[in-house]
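In my numbering, the protein residues as written are 1 to 81.
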């Protein structure tokens, strides 16, 4: 059925950018973020999201780590509000 194997893949992003294209790749642009908050009061059988039941202090720790990660990205100078 499959006579050959396709070995082509992209191992980096963006794929093969020339020097004159690089400025356009990293040019400022609008973006939206989705931040998943994986805590529920109950786990539904049909849910495909990564979730867990909220444990004592777990939500606060998760939000603190999430805030720290956002601040690290902001410190790189690529984010603005």
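Glycine residues also receive a C-beta, built at the ideal position from the N, C-alpha and C atoms.
Legend entry - Cutoff 8 Å; reference residue 51; Cβ partners in own chain excluding five residues on either side: 38, 39, 40, 43
Legend entry - CA-to-CA distance, residue 33 to residue 71, given in whole angstroms: 14 Å
Inset, instruction - Counting only runs of 3+ residues fully inside the segment 21-53, write out the beta strand (DSSP E) ranges in chain order. - result: none
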